[in-house]
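Structure first, commentary second.
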Amino acid sequence: MSTSDRKIPSALASTTTMAGLTWKRLLRGRALWVSCLIAALPVLYAAARRRFGGDSDPSEMGAELFTFQVLILALLAPMFVGASIAEEIEERTTTYLWSRPLPRWSVLAGKLLALVPVTAAIVLASWMASAWLSWSALPPTRTILAIGGGALAMSMVATGIATLAPKHGMALTIVYMLFFDFPIGVLPATFQELSIGHHVRVLSGLRTPFDAGTPLSATIGLIVVGGLWGLIGALRVRRLEA
Amino acid sequence: MSTDVVVVDNCSKWYGHVLGISDVSWKLGGGIVGLLGPNGAGKSTLMKMMSGLLLPSRGTLSVFGANPFEDVAVRRRIGYAPEHEKTWDELTALELVTVMAKLAGVPRDRAELAAKTAIAAMGMTDAMHRRVRGFSKGMRQRTKLATAIAHDPDFLLLDEPLTGVDPIARADIIARIRALADAGKTIVVSSHVLYEIEALTSEIVVIYRGQVLAEGNVYEIRKLIDRHPHRIRVECDQPRTIGAALASADHVARIVFDRQGVLIETRDPDRCYDELATAVLANNVQVSALSSPDNDLGAVFEYLTGDGGRR
């Protein structure tokens with residue numbers, strides 16, 4: 285190999301290579317199929333509501349089904365992102381990564397690049413199918429954007445928690461979402477601003493009676509909360525030893 | 372400016388209250404060096420520090436003049452094969468080595484070629500399209516080595532590369548590591564198995580309980596331990612005659628007879644060999660074999676550690 289070839293990879297190249305690696309592993313693993321089964325639950329629920337639920341208020345039913353989708357999102361983001369990052373650290377495959385000339389945050393960025401679209405796509409497919417079964421129409425565009433934003437923000441939370449506690453990265457993220465994020469999302473006033481679930485519901489327009497805020501405040505909330513957890517993850521891996 | 376590849380200066384590493392290495396100072400100029408010590412001696416800690424995976428708790432460590440933990444660029448010149456087995460087993464060997472080459476900076480359009488070359492150098496071409504999941508221990512070791520060399524590094528760190536490998540594969544891997552050294556790479560190979568290191572190099576660093584006990588050529592290390600008796604074994608037809616001739620010498624510590632000959636322990640090997648030759652000639656003794664068990668690493672290690680590596 286000539287000397288000119290001896291360059292260190294750019295952050296973008298490292299990120300896309302990591303994304304490719306993550307994709308390949310995902311497609312050959314079981315997590316994808318398990319997550320599809322989980323995402324089928326709201327569809328089955330919607331089908332059951334249609335058959336046995338009688339005439340429901342469409343907006344009430346929409347909010348109910350969307351809340352179900354946010355719950356699914358809170359399971360899939362840790363399943364994909366949290367587990368993937370935690371596994372690298374726990375299984376010590378980081379020894380291969382950290383000994384390479386790449387910025388460590390690019391490993392996290394690569395995983396997010398590969399897994400956030402997958403998480404969002406699965407939940408979106410589930411949401412669209414549920415909506416079609418319920419109203420024989422596609423859901424509003426705002427809800428689709430909300431799921432995309434929620435997938436990214438929840439994945440960032442999973443990133444931060446998995447780098448802090450890799451041994452139980454996935455489980456702790458699920459616990460965080462179910463027992464911290466969601467409950468504070470129904471608390472009044474500023475506590476809600478810490479909840480990704482709350483911001484996703486506000487952004488979607490299918491809010492519960494507890495949700496206050498505007499789409500702009502929800503977007504900012506997702507960016508801030510997700511960004512903080514992402515920053516925690518990036519700072520953590522910077523000094524993480526293998 | 373220093374031309375040393377590695378400079379370790381008063382380095383210590385703790386894992387909480389557990390000591391990894393303690394106050395190690397060491398320089399590496401080039402060639403193959405064997406890092407020798409029992410399990411838990413601190414070999415892997417030192418390897419990981421050199422590959423940029425661990426930061427010293429105290430002291431400094433540089434590779435090509437830079438701190439490998441902080442300096443991304445210097446890691447481009449390092450190839451590291453970890454001790455553990457874990458890789459991304461869903462990938463084929465070619466996919467794995469290609470990804471590692473890309474992450475090490477090999478341009479995308481040349482990464483696969485670099486990976487194929489590395490895989491061929493490790494004798495794995497026939498299996499490169501198979502998934503790592505189904506590989507034997509030896510194949511995994513070769514694949515790990517291929518990931519370490521695919522980006523053509525100047526400095527290779529191979530942590531226990533021969534562990535669990537069958538004898539035929541071991542000989543083959545040793546030959547391939549030697550070929551890399553012949554190609555100008557600086558290589559550090561760790562092992563807790565003495566004869567593995569001996570088969571690779573005579574330049575060793577003996578590490579034990581986190582400290583470097585000795586370094587250099589096996590024979591130079593032997594000089595460090597001259598205070599210990601050096602053993603010379605003589606197989607001959609008159610062992611008792613030899614024993615009697617040397618019994619009164621002040622440098623002889625002990626004489627042990629067995630069926631095949633006599634084992635002499637001496638504090639002055641040179642004098643002992645001279646007097647042994649004189650005794651053989653004077654008594655017309657028929658010598659069938661003359662050997663020194665202390666010239667293998669096992670004895671050196673045993674002397675230096677005081678317990679033969681058993682903890």
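Residue numbers (our numbering), protein chains in the order written: chain A, 285 to 526; chain B, 372 to 682.
Just so you know, even glycine gets a beta-carbon here, dropped at the ideal spot from N, CA and C.
The structure displayed is predicted, hence computed values, not measured ones.
Item	Value
Got a sec: is the Cβ-Cβ distance from B/V577 to anything in chain A below 9 Å?	no
Let me know the secondary structure DSSP gives A/S420 once reduced to three states.	coil
Count the CB pairs spanning the region 598–607 of chain B and the region 633–642 of chain B that are closer than 8 Å, and state whether there are at least three.	yes
Closest to B/E454 by C-alpha separation, out of B/L533, B/A660, B/G632, would be which residue?	B/L533
Looking at the C-beta of A/L397, does it have a partner C-beta in chain B at a distance below 9 Å?	no
B/V379 and B/V395 - do their beta-carbons sit closer together than 9 Å?	yes
What would DSSP say about B/L390, mapped onto helix, strand or coil?	strand
Compare the C-beta of A/Y380 against all C-beta atoms of chain B and say whether one is closer than 9 Å.	yes
Does any CB atom of chain B fall closer than 9 Å to the CB of A/E375?	yes
Does A/I292 come out as helix, strand or coil in the three-state DSSP assignment?	coil
For A/T287, count neighbouring Cβ atoms within 10 angstroms of its own Cβ and tell me buried if that reaches 16, exposed if not.	Note on A/T287: pLDDT 44, under 50, position unreliable in the model; no value is reported.
Using the C-alpha atoms, what's the distance from A/W411 back to A/R335?	18 Å
Whole angstroms is fine: what's the gap from A/L349's alpha carbon to A/Y329's?	8 Å
For A/S298, return the contacting residues in chain B, with the cut-off set at a CB-CB distance below 7 Å.	L474
So the candidates are A/L355, A/G366, A/R312, A/G313; which of them puts its Cα closest to the Cα of A/P467?	A/L355
Is there a C-beta anywhere in chain B that falls below 9 Å from the one on A/L305?	yes
Starting from B/R549 and walking both ways along the alpha helix (DSSP H), at which residues does that stretch end?	538–553
Which first and last residues belong to the beta strand (DSSP E) in which B/V434 is found?	429–434
Would you call the CB atoms of B/S370 and B/E531 closer than 9 Å?	Chain B is shown only over 372 to 682; residue 370 of chain B falls outside these bounds and no answer can be derived.
Is it right to say B/C643 is buried, meaning 16 or more other beta carbons lie within 10 angstroms of its own, or is it exposed?	buried
Three-state secondary structure (DSSP) at B/G505?	helix
For a test of the three-state rule: what should DSSP assign to B/R580, helix, strand or coil?	coil
Put A/G511 into one of helix, strand or coil per three-state DSSP.	helix
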